[in-house]
Structure formats: structure tokens, C-alpha cells
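Protein chains in written order, with the working numbering: chain A, 4 to 668; chain B, 23 to 357; chain C, 1416 to 1596; chain D, 43 to 322; chain E, 13 to 326.
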Amino acid sequence: MSRIGVFVCHCGENISRTVDVEQVAKAAGEIPGVAYSCDYKYMCSDPGQTLLKKAVAEHKLDGVLVAACSPRMHEKTFRKAAESAGLNPYLCEMANIREHCSWVHEDREMATEKATGIVKLMVERVRKGKSLAPITVPVTKRALVIGGGIAGIQAALDIADAGHRVVLVERDPSIGGHMAQLSETFPTLDCSQCIMTPKMVDVANHPNITLYTYAEIEKVDGYIGNFQVTVKHKARSVDESKCTGCGVCMTKCPKKKIPNEFDQGHGMRPAIYVPFPQAVPNTPVIDRENCTMFQSGKCGVCAKVCGPGAVDYEQTDSFTVEDVGAIVVATGFKLYTIDRKPEDSPIQGYGEFGYGTIPDVIDGMTFERLASASGPTGGKILRPSDGKEPKQVVFIQCVGSRAREKGISYCSKVCCMYTAKHTMLYHHKVHDGQAYVFFMDARTPGKGYDEFWRRAVEEEEAVYIRGMVSRMYQKGDKIVVMGSDIQVGVQVEIEADLVVLATAVQAQDGADLLAQKLGISYDKYNFYSEAHAKLKPVECATAGIYLAGACQGPKDIPDTVSQASAAAAKVMTLFAKDQLERDPVVAKVNEKYCVGCFACKKVCAYGAIEEKEIRDRQGNLVKKVAYVNPGVCGGCGTCQATCPSKSIELDGYTDEQIMAMIEAL
Amino acid sequence: MQIITEQNLRNLIDLLVKEAKLVVGPKLSGSVVLYEPLTAGTELTLDALPRRSSKELFFPVCEDILSYKREGGAMKVTDVDRSKFPETVLFGAPPCDAGSPSILDAVMSWDYKDEFYLERRKKSTIVGIACTKGDDACFCRAVGLAPDTENGSDLFLTPLKDGSYACNAVTEKGQALVAAHKNLFAEGAGAEPVPFVDQAVQKLDLVKIKKWLEEHFEDPLWERIADICVGCGACAFICPACHCFDINDEGSTDDGVRRKHWDACGFAKFTNHASGHNPRDVQNKRYRNRIMHKFKYYDDKFGKTLCTGCGRCIRACPVGIDIAEILETINGKAE
Amino acid sequence: MHDFEPKIVAFVCTWCTYAGADLAGTSRMQYPPNVRVLKFPCTGRIDPVFILRAFQKGADGVLVSGCHPGDCHYMAGNFHARRRFAAFRALLDFIGVDLNRLQFSWVSAAEGGKWVEVVTDLTERVRTMGPMPEFKELEHEELWSTFAEATAGKSTGLNITGDRSQVLNTPELKEAYDSIS
Amino acid sequence: MCESKNIYLPNLATIETIVDETPDVRTLRLVFQDEAVRENFNFRAGQFAEYSSFGFGESTFCIASAPTRKGYIECCFRSVGRVTESLRRLEVGDTVGVRGPYGNSFPIEEFYGKSLVFIAGGIALPPLRTVIWNCLDLRDKFKDITIVYGARSEADLVYKHELKEWQERGDVRLVKCVDPGGAGPDFDGKVGFVPTVLEEAAPSAENTIALVCGPPIMIKFTLPVLERLGFSDDNIYTTLENRMKCGVGKCGRCNVGNVYVCKDGPVFTAREVKAMSQEF
Amino acid sequence: MNAKANKNQLTSIEPAYYEAVTEAIRKEAVKILKEDTVVGVVGYLPGRRKGTATPALVTSVEEAEKLVFSPACVNNLSVYLTKAKKGVLKQGKVGIVAKGCDMRALAGLMTESQLQREDLFIIGVVCPGVYGFGVERTGTLTEANIARKCRECIVHMPEGADVAAGTHAELADLTPEEAEEMARIEAMPQAERWAFWKEHFSRCIRCMACRQVCPFCYCEQCLCDKNRPQAVESSPRPAGNMAWHLVRAMHLAGRCGGCAECERVCPMDIPLNLLNRRMAKELKELYDYEAGLAPVEKGPLNQYKEDDDQSFIK
């Protein structure tokens, strides 16, 4: 038989005005299992808490119920008091007789009856409650950052600067990401590479950062504080430890006419290459698909010219397993490719814009490369088809974005600003040129953004036409752009030399596959889902995994960098302690009765449930059962409601407690 | 010979109901015939063997054996008032049902007396009826009973071809019943009795079978049966002789009832000890126990076979385990 | 005071509806005191068995309430609950439980007013429906063979329904019958 | 026995003291609430009872205290199941139900003038402890008394205080042991399994009765040892623990063949056990 | 198209059909036993009584030659494969004779990680139907003696078996009795529905035959055997019986493949399959899900869509 103490609070007059607290205390005293009950003016006050502590000692109480305000208000207070009196804090509960009773009812008799009822119910909860010990999880103070764009770089540097080791994994041969491709950035028009490349070098030189480029995530095991991540190092065909980065191989490579991805295919590179001159690391890779040696077995020039003998045609993909405590996902975005076939995707293409068929219809990133001093045209705006300087350029915004009927309903957030920037860059470079912009809205919230946009319109002479383009076709060396100006209500037809489409920002290819490996959730556009839209914008629902940058949704650079630093801060918070302590309200499996149907695993939103093998002494597999990783479990209890045999149970909300409460109704 | 017409038999039920007796007999309940309280003679249904045996008259599916309640600090336990058990008359039990109490009396009173059973038994009168139905699952003859076995009945009715019944008051209780309702019975020669149905299973040598069982505690037969037995309790629950039960508390720790209810030796956890030790841990041991209990142990202990050959378990077994066939097999094997 | 005060049980999630009910309190809104709130971490934790059990143990109405879709603190608990309860409702309906006694709602932490509305509606609706007899009666129902005081016509609530005029067709019988009645 | 008695009705008893023998084995000392029952409750060593925790049901254990000590009974159990776990949650002053005593007992009178060897393993000491104290209370009626008791580990030894008492008594030989790996640094007993330790201790079979109680596996290996030591099957007694519900020979659970352990047992000689069907 | 034409003509399935299926099963069973593909075959043997058959696990060629298939082969043999019941799988790969409805259970068990396809050799039976209960068992299957569940069978052809025994044969123009009965109950006033089920459930004696034959009741500890906390009273009283059947129906929702074994074996004739069909109907309507047509990743109650119906939620 339990010895529970019930403490009924007057809350000044807040409760006692409508509830006969003495009566409630008296009735509580008669409930089986209650050894002591009393009422007091302010239970949460110091004397109130002292009263509770004294009663626990004097009456040898093994559970405490405070009938007062909402547990959301003072549960922590009283649990702490109970703990200091030597009780397990989870054996202290609150009966809410203020918000749920005295404040919402006027009839004293009925309110008293209800308060008594609530107390009765909650006494059962305490009676069937169990002591719970806080769960501690050891933390490996080493972080993994996936993605070497600005987000990943920022996060990695922040974490590394805080003194923790970081593994940075980049899929491409070099870090830098999209930001390295940009010419200048809004709203300040500073040179992107000038601010980006020093950070890339910092990464390469940081003693706490291990950089893996040309590598991908193969597999993720473990949980917060204790992930084991298998990294696949794609065969580079160049031994990084030997390569000095002299670049002779690249200059000698006989195959030089391969479209360069970094320049959106508008520049050329050899088969052994670094994506761009400032690449970090400055170690080339061999593009095996385009390498004569790999395709026909005859060549081997690069190996011959390589002084240190770094070229290795035999190299194969290799794997390492990295133990990390936290993961920052910063995989970035890609631009919407217009010619996507409807059968591939629910997102329909924009065939009417002629992208891919009309050579001088390009996307925004290509324009960035054209405008970039390091780009294929050396910073001159020359159109792809004939290398002429375009005199009339049409920019079209919201290509892909905000077009629900075509499959993407969101705003890509950065296009308004970068298009404005493009018009400016164009104006700066082609003084006699004219930029037109078709737009739906100009969305320019952000520090200095609207001013920047206005500058484009008012000072840099870009003509903004509110409306959409309906049709476009090649006419001679011109592109006829037909659209409507809905503000004026007229049809517009422009003969353009170049058309730049501000295509939508989309999740990276394979974002869904990576999410599945990581066990994080993603939305229908494959952007990763944050744990809470407002209060946990950086965290994933899966503990220990954080989001940075455009992988979570379209973002500009400052937002991306902020989020990256925020993610880094979250990682540092996690790393601040050797052990991770968490609320012990987690599910546990009764392995004796679990039959391994894994319905629990199927409904677990946290990926906290794993399959565990039970073996006999001889090592034969007896059965597979569910195992809840307490470090990962969120404590919702959906698994328990799903389990047919109730072989999984949520501590703190056990069936026994709930049934007893129902019994006491 | 005493003769009662069918009409008067139904009238007798009406009278007994009126006398505030609990009158139980085969009655259509939903789509099945069960032994249930009759509220009128017209409800008596004699053309099908009830799905459950009449044992529940004495050994209910579930009954309270005590109640407990915490009053103030003290626990109070209250006994069941068995004196309130009603006077009962059972109608229409064929020999395979009417015969079961006389088998169960032994275990219910061999040392400790189960007063729940015995009180109900004391207050009941069994009006048995010779069985003229039967199907290929029946095997009462095989276990030493017959469609006209009177033993177990207080009053025994034999259906006659003209629709009336020849009555034989087997016991004092039976005589008393007749005496109290004399005007419903008539003296006479009676018509010819309705013939009995042939049974597929012939008389078995129960002594021989018992001997075989004694010598074949381990036998591939048990495993063969266990291969298909799914471990439900259908056979035991509808059996007139099975009497295993469980005791459980229902309610809270402060207020509740302790109940005794049917259990079955085929259930996997029937003999599971809290320590995890389970002497009958696999189905073949459990099924073996069922056969052994019926045809050996009970006989060893109480000198009776724990089976009346009603065939219910054969009809009900989900997987077609046929106890008559098993007995025939053993009978054939035994020397 | 009314003649019949229904017993209403509310199973609510702690993050949205419980907080919403708190808000109703801090806003000093008024609603009928019949409801007893059982707090769960999430509607995903609420087993249909609890609803069944609540009816068995005397509830006249049951409310299940949690976060609006998409607002679940645990991401998807309420989505799972939604399917589970859709199925359970169908089952209860099929066996003959009046679904007017079972209410599901989404009440967010900001919807103190909605909480009051939902609770008041359910309470008043159940009040007009009267006590829920089905499960409660079942609790006390025994099989005929169990009942210690069983006598014919009383044990199972059966009434003597046989047509006596047809049975008692002879004067002697009538006499015999009358003599004992 | 009174004719109209409800054989399933327990007597109420109050928990007087609680002793934790091991982390999961607990002894409850129970005092009957009804004075008449308290005075008249008699039992013999080896008998068992049905203990109920209201709301949870009944569980069967032997009466672990000695019949020579009146006024209370003791039971000792490991919390493994639902009922035992609920019994464990009870505290001093709480009420439990007790039905019994049931079953047969050790024929102690027949042991007069003989030497006794008690062999027990783990949680199976309580059924012998009642006999041990019974015999120690009548010490002069017996010759040598040897107790061989072992458990998995030192922590699993029950009645530690009494073991000490027996050890210190001059008139009892206590051989205490734990399984290999189960001994702490200060353990003063032997290390080894009970059958092995018994063989080493080699008590004389001359005019001696052996009483064995332990898990089935221990009994299986102990009987051959006793045979080697010269004990006849008639001079070896054991007590069986099968799952029981009614305790009074009705419910059909505890039977081993045609033997109802609850009625015909729980005490059997080795000869009887061997004669029982292979089921044991 | 041929099958369709066939279907319209058949008013009875003659013993010859079953004999042909029997032959095919025997041939296959013998073959896989001989080739050591399997350690045993779960099939049917004839029963002692006329028109009965019993399940059997055969391990030798001689026994395999005695296997039969007839309208009396009512059992869903997949129950023998789940470990809590029999665990014949422990010994190695096993052959199993499976009708279309049994295949649905097999698919469900694979969905729930209880079976691996590679552990099974499935001898599918193209099944025109089996006997109902309490009917004339003559060897010929007609509208008069076909089981209720078979009247609405959509899985005459066993999809996904290793081999199939038999050719398409179905009885024509069967009235969907189960659907009609369900509609009848649904049309009842609420109180009448309650009375209907209450009457049925009060007959329940908790013999657990329904649970023990159910391929999906493979829990090590059934909720109804768990009594602290007690969600379902273990005693066979009206209250606990109602709770038990509701809990069971809920647990089977989205899983039950409709073999109707629970209903067939109920010694008290409780129409249990109606509950399961009702749940299946609901889940089909709401989530377009039918259990057991193929192994899937998640059942309907283990997944959700953000836009699931919530018209019942305020």
C-alpha cells in the first residue's frame, strides 16, 4: 500500500474562492493509499514547499500530489521540492484544480466535487507511478557536417573554432558549393569568391577539421551523441597524400573539351581537373567517363607527367566509418531544370520558355558565371550562342516557383533579389544594354534589400514588367518574348538577345535518399523538415541532427550563414557536457513478449526503434525484437498504442497508470 | 409404466417455472441450441444436442467466489451466499450430459468440498432423456454409456413413437418430481420406443486403453496430434466432464471480486509457473494430459472415465482432432 | 443543477489541448464541470482501449482532443491517432454505440474558446441523451448460470412470455396451475 | 472441516514485518487478523498456502516459518510474476489473504532418532527452513544435522542472518556454497554447484534422511549423488512446486500424472517422484 | 475471358475438380520433399468423418501421397507457420498448401516480419470455395453448401505462389450473404445493433479458438491474458467478452485477410468475421487499403497521409 501525500493549494483565493479546499483535502485523506493530506494557502511559496518536504519526511511519504495550478506552471517546482525531500521527482504529480476547475466554474459545490474527482484520479496516477532515473547518453564530441557549401563551411568552422573536431564531407571534388559560383552578392555587390575562398582555405587548414571531398554518406547508424557514419570516398584516381597540386596533369591532359560543370557547362575542362582554380583541396580528380585511359586503356599521360606519382588508375571507392556525436546537414539546393519530363516528377516543366532548345535562354546561375570574372567569358556578358554581347536582356522571375498548378507552390525567396542584382551587373557591364524583368511581386524583406531593388529599378534602369511571359520563340538571332503587363493591361513583346530565367530553388538530387539514411523527415519537395517551424528551426526531429542552409528551404546567404552558426551553436551546446541527460519519459520494450512485428518501428517518427536480435547461449537466433534507443525516443507513446500485445511501454504514461485513472473516474 | 405426453412435458416445465424453480433445458439461443433457463415449456428444443454441455448448471462458466472491499483502512472479504442458489430442474439432458455430474461429484468432493458445485448439485433435479439423434461424432457407446443410460438422471424419459415419453423415476428426487405433478403423468403400456441411431465408433476396451496409456507416456502419437492442435480451449469448454478452472481477481486493489471460471489444459500458459518453469511446456504434453486425465488419471484416482462420448469436442475442434479416432487407434494398438 | 449530470472524460494531449484548457482557465471562461481531463503526451499515445474502458467504467461521453494536424509536438502522433480513431469509430458504430457520445477534436494551445465550446457541446448533447446504459449494464450482467440468486424469469431479465392459454387447456391443469400461483 | 465452508475463502492476515533476503526475494511475516484463526491455525512443516494480494489474485508458496513457532506464519517469495510483484508492493500493516494450510508434510516424527541432511538451492531454502527450525526446536530428537545450501551468488543466498546463526551453532553442520563466479572476496563458504559440494561434504547415509529442495535441474543432479552416497530412495524427501490455483485438488493444474501435487504432495520421497510419470 | 465464360456456367464444382487439385498437390509435395527443397509440407489429410479433412504436417513422400484437397479443406494453414503457434519453420524451409484467402494471411505475415518468403514453398490452390458449416458435405460444392466467405471471394487465383494447383473454377451468381448481412446490421437502429452483438457476445465462453486459429494472433502475450493492468477481463462474462471482441477486431483492423477462420471455429456461432469485414470495408473506403493482397511495407494503421479524412473531428 502506498503512502501518498496530497497537498491542496488555496492559491490565495484563486482556488479556495470556488473550491472548498478543506473538503477536498479531507476527501483526499480517505482515498486508499493516501497517508497524509492537508491544504495550504500558497503551496508554491517557500513555506509551502517546506511543508511538503517536512510531510514527506514525517509521514514517510512515497508519493506526492499537489492539487494546485496547471502542471505546466509548477510541475518543475514541486518535483524539485520532492526530489530535495528524497523522493523520485516522477513520483510527484500535480492535480490541476485551478485552470481546469476553480477558474472555469462558479458553482462551489460542483467545483469542489470536480476538484475531489481530479485529485482522486491523480492519486491513482501517483500510486501506479514508477521512479524514473534520468537517462544519460555519452556524447562523442566530434561533429559531421554534410555539404561543403557556405552553410557547411560556416558550421564546420564555428564548431572547429569552439575546439571540437569536425568531419566535413563534400560530394564534389571541391568545397565551395553554389556560393563559389556566384559573381557578386546582393545587396552589397561584393565579390562572392573574395569572401568565400578565404573561408575555404580556413577549412583546409583548420587543425580540427577533417575534410573529405568527392565523398558521400553511405550509411548512418547510431543516435544522438553516438552516430557511426560510413563515408564513401569515391575513387579520385589521384592519391591525395602524394599530389602537390602542381596542375601539370591538367595542362597535359589531351582531352580538354569537356564542358565544365562549375561554369554550368559554358567553359571547358580536361578529364583530370579541379573544378575551379581556387578549389579546396587543390587535388584533381579524373573524370573517368571522359578519360581516354579509362575508356580505351590507352593514354596515361597524366600518370607519366606526375612528378610525385600521385595518379592512380587502380584506385577504388573506399569507406571509412566516422564516430560522431552530432550531424549538421548542409546539402544545399539545386536549381529547377525546366525540361523535366512530367512522367519523372509531379512537377511539370516550362517548355514554353525554350530552355534547352533556345541556346540563349539561360538560368540565373549561368548568368552568374557569365558575369563572374573567373567565368568562361572572363566576366564579359556574352551570350552562349554566338558570343555576342546581348543588348536586350529579359529576366523572368518565378520560373517554377509559386506555380501551384505546375507542382511547386513555394516562393524561392532569393530570385527577386538576384534578378535585381543581375540587372545591375548587366547594366554595369553593358552600358547600352536594356534589362527587362517580368515579375509577379518583388519580395524584398531583409536589411538593405528593398533599397537595393529600388536602386535596380530607379537608378540602374531595369524595366520591371508586372506579368508573366506566355510564349517565347526564336526569331533569327533574337528571342521574341511575349507577355502581358497586367499593371498597364497591355500585351508586351520584346525581341531579346538573351533571356535569363530565375528558376526555382529545389532540394538537391538525392536529398530524400540521404534523409532516409539519416532518419530525418522531409516535405513533399524533399526539403528537410525542422522539428518545429518556429521554436526549433535548426533541429531535426531526430535528435542530434541539425539543419543549415537551403536543404531546409530556399535561403539567401546571410540566412544560410546564420542558420549554419545556429546549428553549430546547437552542436556546441550538445558537446558542452560529457553526458547527455534527458527526460526519462521514453518507451521501453518487454523483450520477453515482443514478437517483432515492428508495428512500433513503422509508426515511430523519431526512428528510435531498431531491430534487435535475441540469441541463445549457443548463438542461435531466437527471435528479433524491437529495441528503443532511449537517446532518440521522443516520448510520444504512439508505439505503445500501436503495439497489439503492449510489449512496449512509455514510462511515465504506463497503461497501468492510465487504466487506474480511468478506474477512478 | 409412467407415460407423459409431449404437451404435458411442456406443461410440467410451465408449472415448475411458476413454482419459481430454475428450469433449464435446451433452447434456441441465437443460431445455436444451449442449455438455458426456460421461461415456458414451448421453449424446450429437443432436436439438437446443445453446443455446451449441461455441466454449467453446476459449474458455471464464471462465478464469483468472494468479493473484497477496502473500508477505511481495513480489507473486508465477503462470502457468496450459496443458500440463494435456486432449486433447479434440468430438462432434456441426454445420457452423455446427464451422466457428467455423477462423474464430477468425485473430484468436487474428494477431500475439500467445492460447495459451489455441491450446493447447486444438491438443489438440482435432472430429467434425462434417451438419445434418438446422434451423428458420426457420437461415441457414448464406446466409453461405456449408451443412448438409454439412465445413470445420472433423476427422472429418465424415453421417447416413444407416438410422441410421448416413457418415464422412469431413477432416484428419489425423480420420484418426488413425478409425485408432485402426478396429474401430468399417466400409467400405461406406451407405444414403441423410438429406435436409437447407430454409432460409428464401436465399444472400446477402456481397460486396455488405460493400460496402453500407462505404457506410452512417450509416444509419437502425442506429437502427431500436437503438430496440428492450435491450443484453444474449445474442446475443454464444451466438454461435459472437463472441469479445470482458473481463479482471478477482477476490479481494483480496493474493491473487486474473485472469480472462478473455466480454463483449459490446452492453453499454453495453463501450467506455466511464475518462475518460468512450465511442466507442460509444449502442446503434445498438454494434449497428452487431456487424454491421460480422461482415460487414466481420473480413473486411477476416482475410478471413473472422464468422458461421456458426447462428441462435442470432435465437432468443435478447429483442426478436426478426433478423440474417438484417437481412442480407436489406441484400442487397435493396445494388446 | 440538472437532473442528470453526465460523466464526461477527456483524453487530451499535453502540448495543445491541455494547454488550450489551461488558457480557458486563465481567461476565466466558463464551462460545465462534468469533464475530467486525462493528460497524455500525445494523442498518438491514446489507445482505443482507453475509450472503451472509460465507457465501461461509467463515462457517458468521451472526448479525445489533440493538436491540429501538422502541429504535433511529436511530428506525427496525431496523424496516427486520426486513422486509429477513424477505424475505432466505425467499429463502435457497427456494434451499436451511439457516436454522439464520442467526440474528437483538435484544440490548440491558443484555442481556449474552442475547448470551452467542444466541452460544452459534448456535455449538453450527452445530457439530453441521458446516461449511457450499454457498457455499464454489461459490467453488471452475469450469465444465467453464474447468478447466485438466479430464478427463472429473473436471472437474465427474461419475462415469462409463453402463451399459457394454449398450454393450460384442460381444467385439471388449470386447477393445478392456479393452486400454485 | 466444516461442511458448508467456502474453500476458496481466505483468512485475512496483516503484514507484521518485511525482510528483504536478496534484492528480489522477500519474506513477509503475517499475523492473522481474526483472533480465533490466529490461535487455531496449525500446520505441519512442508505444507503450503495460497496467499492473495487483493486485486491481483493468489500465489502459492510454502509456509516458511516453523510450525513450532506460533502466532505468525512467514512466507518467502521471489517477485517474478504479477501476484508476487504486487505482494512486494505491500507494506507493513497491509492486508493479505491466506488460504491453507494445504498439502501433505514431512513426516518429522518418522525422522526421530535419525540424522538429517538438508540440501537446498537458491530460493528453495524456505520449504526446508520450516523443517530445519522445526527440527532445531526439537534438537535432541535428532542425531547429526547437516545443511548444504547453495545459490547462484552470494547475494542470492536467502536467510543470511539465519545461515550465520546455524553456522555459529555447534549442533548443526552448515555447508554453504555459491556457483563458480558468484563469490565475493570475503565469502566464507565453498565455491561450486550444490551436487558437487554435497559429494565433497559426503554426509553419511547411515540412519540418515536427506531432504532436497531446489530447482529441477539441481534435483536432477543431486539425486545420483545421494545414491552414490548410499541413500535409498525412501530416505530422500523432496517438495515439488507446480503451478497451482485452487490448492485443493480441483483446478487441474498441478497434477503430475494422477498425482495432485497440491493434495498428494507437495512432499514426496525420491521413490515416489521416480514412480510418477516421466512428466516431472 | 474463358474463365469468365466458365464462371457463368458453373452451378456446381464436382469431385473430379478436387481430385485433379489433389493430384497436383501430391505431385508437387512429393517432388519438393524428394528434392529436399523443403523439410515438410503443411497440407490436408482426410478426416475420419465423412466430408472432413484435417491439417497435417507431412515430412515423408509416403505421407505426401496421401494429401488431399476437397471442399472440406477449410483450415487456413498459415497459422502453423507463426512461431507462437507451431514454429515448424524452425526446422527449415517448409511447403504449404494455400488457398487464395490463406495467401492473404501469408502476405500479411510477411508484411509483419513474421515470415520470410524464401522460407516457404507455396503450393497455391485455385480454390472454387470450401464448405460452410452445418451443411451437406457430399463432395460436390454448390451454392447450397459453399461457405459464406467464399461467396464474395476475390482471390480464387493464388497470386505469388510457387506453383498453382487447379484451373480456374468458380460457382456462378452467388449472393453476397456476408455483405447483405453486414448491410442488414448497418441498417438496424443503433439499439438493435447493440442488442444483436450483445446477444452474440454473451454466448462467448472465451475458449480462444478464434484467437488460436487466427494467423495474425501470434502475440506471445495476448492483451486479454494480461491482467495488470486489465484492459480486458479474463473471465467469460458479458463485459469482458464485449471488450475482448472489440479489442480483437481493432487489433485485426487493416491486417485481417478475411479467411473467416475465427467465425468458422467459434463453437458458439458468433459471426466474428462480420466485425473484421466491417473494419476492412472502412479501411478500404477511407484509405483504399485491402489487406494481404501482397506483402507491403506498412499497414493502413501504421501509416498516415497528411490529408487523411478528418470529417469526424471537430
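Using N, Cα and C, we set each Cβ at its ideal position, and we do this for glycine too.
Here the structure is a predicted model, which means the values were calculated and not measured.
Item	Value
Cβ-based neighbour list, V236 (chain D), same chain, cut-off 7 Å, excluding 5 preceding and 5 following	I161, G163, V190, G192, C219, G256, M260, T264
Neighbour-count burial assignment, P308 (chain D), 16 or more Cβ in a 10 Å radius	buried
Where R458 (chain A) sits in the DSSP three-state scheme	helix
Contact between the segment 166-173 of chain B and the segment 128-140 of chain B (3+ Cβ pairs under 8 Å)	no
T360 (chain A) versus M475 (chain A): straight-line alpha-carbon distance, rounded	11 Å
N-terminal and C-terminal residue of the beta strand (DSSP E) that D315 (chain A) is part of	Looking at the DSSP string, D315 (chain A) is not in any beta strand (DSSP E), and its letter there is neither H nor E.
Continuous alpha helix (DSSP H) assignments of at least 4 residues falling wholly in the segment 122-206 of chain E	160-163, 189-199
Supposed contact pair H283 (chain B) and S323 (chain E) - C-beta distance, whole angstroms, cut 8 Å	At roughly 42 Å, the Cβ-Cβ gap does not stay under 8 Å, so S323 (chain E) and H283 (chain B) are not in contact.
Among A:I350, A:T426, A:G89, nearest to T340 (chain A) - alpha-carbon criterion	A:I350
Cα-Cα separation between L118 (chain E) and A110 (chain E), rounded to whole angstroms	9 Å
Endpoints, the alpha helix (DSSP H) within which K57 (chain A) is located	49-61
Cβ-based neighbour list, N53 (chain D), same chain, cut-off 8 Å, excluding 5 preceding and 5 following	F74, Q75, D76, V79, F83, G139, V140, R141
Strand pairing of R324 (chain D), partner residues [DSSP]	Outside the shown range of chain D (43 to 322) lies residue 324 (chain D), about which nothing can therefore be said.
Three-state class that DSSP yields for W284 (chain B) in the structure shown	strand
Minimum Cβ-Cβ distance from Q224 (chain E) to chain C less than 8 Å	no
Proximal chain B residues relative to L1558 (chain C), where beta-carbon distance stays under 7 Å	P82, V83, C84
Below-8 Å beta-carbon distance, L126 (chain B) vs any chain C residue	no
Cα-Cα separation between V99 (chain B) and S94 (chain D), rounded to whole angstroms	12 Å
Close beta carbons around K259 (chain A), own chain, < 7 Å, minus the five adjacent residues each side	M271, P273
Reduced DSSP secondary structure (H/G/I, E/B, other) of P59 (chain B)	strand
Beta-carbon spacing of T94 (chain E), L121 (chain E) below 8 Å	yes
Cross-chain neighbours of P540 (chain A) in chain B, by beta carbon under 7 Å	Within 7 Å Cβ-Cβ: nothing; P540 (chain A) doesn't reach chain B, min ~47 Å.
Cutoff 8 Å: F341 (chain D) Cβ touching any chain E Cβ	Shown here, chain D extends from 43 to 322; a query on residue 341 (chain D) therefore has no answer.
Nearest neighbour of T21 (chain A), chosen from A:V37, A:S48, A:E109 [CA to CA]	A:E109
Through-space distance from H257 (chain E) to G1568 (chain C), alpha-carbon basis	Confidence at G1568 (chain C) is low in this model, with a pLDDT of 35, below 50, so its placement is unreliable and no value can be given for it.
CB-CB length for P67 (chain E) against V149 (chain B), believed under 8 Å	Incorrect: roughly 40 Å between the Cβ atoms, too far for contact.
Delimiting residues of the alpha helix (DSSP H) encompassing E63 (chain D)	Here E63 (chain D) belongs to no alpha helix (DSSP H); instead the beta strand (DSSP E) covers 53-64.
Members of the segment 228-255 of chain E near chain D, C-beta cut-off 8 Å	N239, R240
Where the beta strand (DSSP E) containing A65 (chain E) begins and where it ends	65-70
8 Å Cβ cutoff, N18 (chain E) in contact with chain A	Residue confidence for N18 (chain E) is low, a pLDDT of 48 falling below 50, so the modelled location carries little weight; the figure read from the coordinates is stated next. Not one chain A Cβ lies under 8 Å of N18 (chain E).
Neighbourhood of T1566 (chain C) by C-beta distance below 6 Å, restricted to the same chain and skipping five residues each side	Any reading at T1566 (chain C) needs caution, since the residue's pLDDT is 37, under 50, leaving its predicted position unreliable; the model's value is listed next. No residues qualify anywhere along the chain.
Contact residues within the segment 106-133 of chain A, judged by C-beta distance below 8 Å to chain C	W106, V107, H108, E109, D110, M113, A114, E116, K117, G120, I121, L124
Residues bridged to D176 (chain B) [DSSP beta-bridge criterion]	Partner(s): none; D176 (chain B) has no beta bridge.
Per-residue contacts from V1533 (chain C) into chain E (C-beta, under 9 Å)	K326
CB contact check: K106 (chain B) to chain D, cutoff 8 Å	no
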